[in-house]
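Asker: Chains as they are written, first to last, in the working numbering: chain L, 92 to 291; chain Z, 92 to 291. I have a structure here, written as structure tokens, and I will follow up with some questions on it.
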């Protein structure tokens, strides 16, 4: 006989549906919220409810935003001659944290992956090409897709489309991660690090 | 400039407030829900909202339940002569999963912890004593608090209160976990395993 209240098992199930949340973690979170003040659970519920209502997609860079166009695309201080192409909104966050990149972005919302049935038509590729053709000031496209099979395929695909337009296409450097250990670097990373070696 | 929509950062913050959810996991969960169908986030929000509304505390065993008294306390098939005392509702779940224990429970909702300022008066100890005095059929109290400092202190405290009432007080066995490796067992567990050794 399962004697757990339905409201409890339901929340455990809901947490368990989230990626990376196993049954034990789902249980732990649920019982934590049971003990915590009611406001805690309610404020999480409210944040979830508002998540999609208050969010739009920027018609220019396709990133998620509060307003359309987004704050980055509207920002006059940013360098409009360079567009960094990424797979996901989280990648924009990661690049913004560096405080080094001052250009614009374009979010593809995925990568080409024949295994998962994702082709270029499922990504915001057309929007990128239209953008490049319409805005004459663009001089460089930085392909910042993930350094894995899907990301590489996507970058190669975009490179072949954009280069003929007479625009400089670059990619993020491959090499040893800073703070990493050469001993533990995989072969492909080491090969890329050797290929990309620079005079000091 | 932080360019992330407020609705997104708010949900990241809310997830991050949960125990064991770091900033990276909170981000990952939020962006997962952004991509997932709207119903997913809303159904989690609903489960959170209903969590406390539909839950009561059983006046007998102090466990969380849908009805008062709870399903276990109402169950006529269970052995009413034995009460297993646990710290949390999750412990009841764990013991129920064994399908071996057929007695009743008593949930303390915590353990004695002077460091955290939790004394016996913060636990459901009085309710346990009243229960033992009121119901004459009780012959055994199994102390199933956690095998750590707080759990041991709580068990010792309860033992001293209950034994004088002429009721058998037992504790869960300490020893090597099944499937574990003697080589990796800590010293205290090994000492307890030796103390509790049985003739075969």
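For each residue, glycine too, the CB sits at the ideal point set by N, CA and C.
When DSSP builds the beta bridges, which residues end up paired with residue 155 (chain Z)?
Answerer: Here residue 155 (chain Z) refers to the residue found at position 64 when the second chain is read from its first residue. Note: residue 155 (chain Z) sits in a beta bridge opposite Z:148.
Asker: What residues from chain Z crowd round residue 155 (chain L), counting only those whose CB sits closer than 8 Å?
Answerer: The count along the first chain starts at 1 and reaches residue 155 (chain L) at position 64. Correct list: 96, 99 and 125.
Asker: How far does the alpha helix (DSSP H) with residue 99 (chain Z) in it reach, from first residue to last?
Answerer: Translated into the one-based positions of the second chain, residue 99 (chain Z) becomes position 8. From DSSP, the alpha helix (DSSP H) with residue 99 (chain Z) extends over 97-108.
Asker: Taking the beta strand (DSSP E) that residue 229 (chain Z) belongs to, which residues open and close that run?
Answerer: Locating residue 229 (chain Z) in the second chain gives position 138, counting from the first residue. For residue 229 (chain Z), no beta strand (DSSP E) run applies, since DSSP gives it neither H nor E.
Asker: Does DSSP put residue 163 (chain L) in a helix, a strand or coil?
Answerer: The residue you call residue 163 (chain L) lines up with position 72 of the first chain. In this structure, residue 163 (chain L) counts as helix in the three-state DSSP scheme.
Asker: What is the DSSP secondary structure of residue 192 (chain L), reduced to helix, strand or coil?
Answerer: As a working mapping, residue 192 (chain L) is identified with position 101 in the first chain. Reduced to three states, the DSSP call for residue 192 (chain L) is coil.
Asker: For residue 282 (chain Z), list the residues DSSP reports as bridge partners.
Answerer: In the second chain, counting from the first residue as 1, residue 282 (chain Z) sits at position 191. The partner list for residue 282 (chain Z) (beta bridge, DSSP) is empty, contrary to what the question assumes.
Asker: Quick one: using the 10 Å Cβ neighbour count with 16 as the cut-off for buried, is residue 98 (chain L) buried or exposed?
Answerer: Locating residue 98 (chain L) in the first chain gives position 7, counting from the first residue. Under this definition residue 98 (chain L) is a buried residue.
Asker: List the residues of chain L that residue 138 (chain Z) touches, going by C-beta distances under 7 Å, in chain order.
Answerer: The residue labelled residue 138 (chain Z) in the question sits at position 47 within the second chain. Residues of chain L passing the Cβ test: 101, 102 and 105.
Asker: Exposed or buried, residue 92 (chain Z), counting other C-beta atoms within 10 Å across all chains shown (16 or more means buried)?
Answerer: As a working note, residue 92 (chain Z) is residue 1 in the second chain. Low per-residue confidence applies at residue 92 (chain Z): pLDDT is 49, beneath 50, and the placement is therefore not dependable, though the value from the model is reported in the following sentence. With fewer than 16 other Cβ atoms inside 10 Å of its own Cβ, residue 92 (chain Z) counts as exposed.
Asker: Report yes or no: is there a C-beta of chain Z within less than 7 Å of the C-beta of residue 115 (chain L)?
Answerer: Against the first chain, residue 115 (chain L) aligns to sequence position 24. Judged by the 7 Å Cβ criterion, residue 115 (chain L) is not in contact with chain Z.
Asker: For the segment 158-175 of chain Z, enumerate the residues whose C-beta is nearer than 8 Å to any C-beta of chain L, in chain order.
Answerer: Against chain L - using a Cβ distance shorter than 8 Å - the residues of the segment 158-175 of chain Z are 161, 162, 163 and 166.
Asker: Is residue 141 (chain Z) close to chain L? Criterion is C-beta to C-beta, closer than 7 Å.
Answerer: For the purposes of this step, residue 141 (chain Z) is taken as the residue at position 50 of the second chain. Chain L contact via Cβ: present.
Asker: Leaving out five residues before and five after residue 210 (chain L) in sequence, what residues of the same chain have Cβ atoms less than 8 Å from its Cβ?
Answerer: Here the question's residue 210 (chain L) lines up with position 119 in the first chain. Excluding positions up to five away in sequence, the list reads 203.
Asker: What separation, rounded to the nearest whole angstrom, lies between the Cα atoms of residue 249 (chain Z) and residue 221 (chain Z)?
Answerer: Along the second chain, read from residue 1 onward, the residue named residue 249 (chain Z) stands at position 158. Along the second chain, read from residue 1 onward, the residue named residue 221 (chain Z) stands at position 130. Rounded to whole angstroms, residue 249 (chain Z) to residue 221 (chain Z) spans 13 Å at the Cα level.
Asker: Please confirm whether residue 282 (chain L) has its beta-carbon closer than 7 Å to some beta-carbon of chain Z.
Answerer: By 1-based counting over the first chain, the position of residue 282 (chain L) is 191. False, the Cβ-Cβ gap to chain Z never drops below 7 Å.
Asker: Could you please give the first and the last residue of the uninterrupted alpha helix (DSSP H) stretch that includes residue 121 (chain Z)?
Answerer: On the second chain, residue 121 (chain Z) is found 30 positions in, with the first residue counted as 1. Unbroken alpha helix (DSSP H) run through residue 121 (chain Z): 114-126.
Asker: Can you give the Cα-Cα distance for residue 164 (chain Z) and residue 123 (chain L), rounded to whole angstroms?
Answerer: Here residue 164 (chain Z) is taken as the residue at index 73 of the second chain, counted from 1. Here residue 123 (chain L) is taken as the residue at index 32 of the first chain, counted from 1. The straight-line gap from Cα to Cα measures roughly 24 Å.
Asker: Report buried or exposed for residue 196 (chain Z), applying the criterion of at least 16 other Cβ atoms within 10 angstroms of its Cβ.
Answerer: Translated into positions along the second chain, residue 196 (chain Z) becomes position 105. Buried.
Asker: Short of 7 Å in beta carbon distance, which residues of its chain neighbour residue 109 (chain L), apart from the five on each side in sequence? Order them along the chain.
Answerer: Taking the first residue of the first chain as position 1, residue 109 (chain L) is located at position 18. Answer for residue 109 (chain L): no residue qualifies.
Asker: Can you list the residues of chain Z that residue 146 (chain L) reaches, using a CB-CB cut of under 8 Å?
Answerer: Position 55 of the first chain, counted from the start, is the residue given in the question as residue 146 (chain L). Near residue 146 (chain L) (Cβ distances below 8 Å), the residues of chain Z are 96, 98, 99 and 125.
Asker: Within 10 Å of its beta-carbon, does residue 154 (chain Z) have 16 or more other beta-carbons around it, so buried, or fewer, so exposed?
Answerer: On the second chain, position 63 is the one that residue 154 (chain Z) refers to. With 16 or more other Cβ atoms within 10 Å, it is buried.
Asker: Any beta carbon of chain L sitting closer than 7 Å to that of residue 227 (chain Z)?
Answerer: For the purposes of this step, residue 227 (chain Z) is taken as residue 136 along the second chain, with counting starting at 1. Not one chain L Cβ lies under 7 Å of residue 227 (chain Z).
Asker: Taking only three categories from DSSP, how would you classify residue 174 (chain L)?
Answerer: Position 83 of the first chain holds residue 174 (chain L). Residue state, collapsed to three classes: strand.
Asker: Apply the 10 Å Cβ neighbour rule to residue 217 (chain Z) and answer buried if 16 or more other Cβ atoms are within range, or exposed otherwise.
Answerer: For the purposes of this step, residue 217 (chain Z) is taken as residue 126 along the second chain, with counting starting at 1. Exposed, since its Cβ has fewer than 16 Cβ neighbours within 10 Å.
Asker: Against chain Z, does residue 128 (chain L) count as a neighbour if the rule is that its beta carbon must be under 7 Å from one of theirs?
Answerer: Reading the first chain from its first residue, position 37 is the one you call residue 128 (chain L). Not an interface residue.
Asker: Below 8 Å, can you find three or more Cβ-Cβ pairs linking the segment 173-181 of chain L to the segment 128-139 of chain Z?
Answerer: Touching, no.
Asker: Counting only the same chain and skipping the five closest in sequence on each side, list residues whose C-beta sits under 6 Å from that of residue 244 (chain Z).
Answerer: In the second chain, residue 244 (chain Z) corresponds to position 153, counting from 1. Same-chain partners within the cutoff: 203.
Asker: In three-state terms, what does DSSP make of residue 168 (chain Z)?
Answerer: The sequence position of residue 168 (chain Z) within the second chain is 77, counting from 1. Coil.
Asker: How far does the beta strand (DSSP E) with residue 262 (chain Z) in it extend, from its first residue to its last?
Answerer: By 1-based counting over the second chain, the position of residue 262 (chain Z) is 171. Per DSSP, residue 262 (chain Z) belongs to the beta strand (DSSP E) from 259-262.
Asker: Could you spell out the range, first to last residue, of the alpha helix (DSSP H) harbouring residue 241 (chain L)?
Answerer: Indexing the first chain from 1 puts residue 241 (chain L) at position 150. 240-253 is the extent of the alpha helix (DSSP H) around residue 241 (chain L).
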